[in-house]
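J.: Position 155 of the sequence shown, counted from 1, bears residue number 156 in the working numbering, the numbering being contiguous throughout. Even glycine gets a Cβ: it sits at the ideal position worked out from N, Cα and C. Quick caveat, the model's predicted, so the values are computed rather than measured.
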Amino acid sequence: MLGDFLRILFTVLLVMDPIGIIPQFLSITAPYNAETRKRIILKAILIAGVVLLAFLLTGKILLDFFGIMPGAFYISGGILFFMIALGMIYSRPSLPRSIPSKKSDPEDAAGAPAAGRGDDADEDGSVSAALFPLAIPLIAGPGLLTVLVMFISHGESWLYSFSLLLPALVISLGVAFITLRCSTLLLKFFGSMGIFIMEKIMGLILAGFAVQFIYDGLLALGIIHP
């Protein structure tokens, strides 16, 4: 059971790639102050969690409704993950347009809002940024949704698969929350090149998982035999 859980957890973390979304997050939230960025992160994690939980509960039903065999979904998921891994391996360094700082806060030293941005506009903008593109597709992207449907349909017991996937999702979302909250610090500590190298390593590992998923799918369909 522990081996299955760790495999699921690592797969979810690799596909979610919380380190790789740091540059995009910093670019998206550059116009906002520190307090607004906190709200954006929390909203994005909650929205992504609801979407992922919905797919976790309905994944098996969707496959049965469309008559898709778990083995076929394993193969398609493996191909998708391999394409994601290739994108991670061959991507170019992504730098944020600007790193948020106190100097870029929308409020001046006197506490007055910046011109053209009121409280309502700031709130609407933070909700929009949290929903798209942060929650969907950066956190809860198509690759991660495929992971959920794939794992929930693979096990013989739906309850067993659900009991492994749910804590893996909670832990992964917690890691994403901490990573985004510390994004500026992480970028300064590792540097853009350090994050770039880490993403390459994660892409290589994900490519190995992808090939294994394709192999498991071929076994499940009886196309090859162990």
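Only counting the same chain, and skipping five residues up and downstream in sequence, which positions put a Cβ closer than 6 Å to that of A116?
T.: Along the sequence shown, one-based indexing puts residue 116 at 115. Residue placement at A116 cannot be trusted, given a pLDDT of 38 that sits under 50; the coordinates are not used to answer.
J.: For A211, count the other beta carbons within 10 Å of its own beta carbon; 16 or more makes it buried, fewer makes it exposed. Which is it?
T.: For the purposes of this step, residue 211 is taken as the residue at position 210 of the sequence shown. Label assigned to A211: buried.
J.: Just to confirm, is the Cβ distance from I48 to L132 under 8 Å?
T.: In the sequence shown, the residue the question calls residue 48 occupies position 47. In the sequence shown, the residue the question calls residue 132 occupies position 131. It is a contact, given that the beta carbons lie within the stated cut-off.
J.: Should Y161 be labelled buried (16 or more other beta-carbon atoms within 10 Å of its own) or exposed?
T.: What you label residue 161 is simply residue 160 of the sequence shown in a count that begins at 1. Flag for Y161 reads exposed.
J.: Of all the alpha helix (DSSP H) runs that stay within the bounds of the stretch 140 to 201, which reach a length of 4 or more residues?
T.: For the stretch 140 to 201, whole alpha helix (DSSP H) runs of length 4 or above, ordered along the chain, are 143 to 155, 159 to 182.
J.: Quick one: grab the DSSP three-state call for R93.
T.: Against the sequence shown, residue 93 aligns to sequence position 92. Coil, per DSSP.
J.: In angstroms with no decimal places, state the Cα-to-Cα distance between T12 and L149.
T.: On the sequence shown, position 11 is the one that residue 12 refers to. On the sequence shown, position 148 is the one that residue 149 refers to. Straight-line Cα distance between these residues: approximately 10 Å.
J.: Does the Cβ of Y33 have 16 or more other Cβ atoms within 10 Å, making it buried, or fewer, making it exposed?
T.: Taking the first residue of the sequence shown as 1, we reach residue 33 at position 32. Per the 10 Å Cβ criterion, buried.
J.: Where does D217 fall in DSSP's three states?
T.: As a working note, residue 217 is residue 216 in the sequence shown. Of the three classes helix, strand and coil, the one that applies to D217 here is helix, per DSSP.
J.: Alpha carbon to alpha carbon, how far is G218 from I206?
T.: Locating residue 218 in the sequence shown gives position 217, counting from the first residue. Locating residue 206 in the sequence shown gives position 205, counting from the first residue. Between G218 and I206, the C-alpha separation is close to 19 Å.
J.: Apart from the five residues on each side of it in sequence, which residues of its chain come closer than 6 Å, Cβ to Cβ, to P19?
T.: Position 18 of the sequence shown, counting from 1, holds the residue named residue 19. Hits under 6 Å: V176, A177, T180.
J.: When burial is assigned at 16 or more other CB atoms within 10 Å of the CB, is Y75 buried or exposed?
T.: Locating residue 75 in the sequence shown gives position 74, where the first residue counts as 1. Answer is buried; the Cβ neighbour count reaches 16.
J.: When the Cα of G60 is compared with those of M17, G142, L146, which residue comes out closest?
T.: In the sequence shown, residue 60 corresponds to position 59, counting from 1. Per the Cα distances, L146.
J.: Just checking, does the stretch 188 to 202 make contact with the stretch 36 to 53 on the three C-beta pairs under 8 Å criterion?
T.: Not touching, per the Cβ criterion.
J.: Between the C-alpha atoms of H155 and I172, what's the straight-line distance to the nearest angstrom?
T.: Locating residue 155 in the sequence shown gives position 154, counting from the first residue. Locating residue 172 in the sequence shown gives position 171, counting from the first residue. H155 and I172: Cα-Cα distance of roughly 21 Å.
J.: Below 6 Å CB to CB, which residues in the same chain sit around F26 once its five sequence neighbours on both sides are set aside?
T.: As a position in the sequence shown, residue 26 is number 25, starting the count at 1. Taken in chain order, the residues that qualify are L181, S184.
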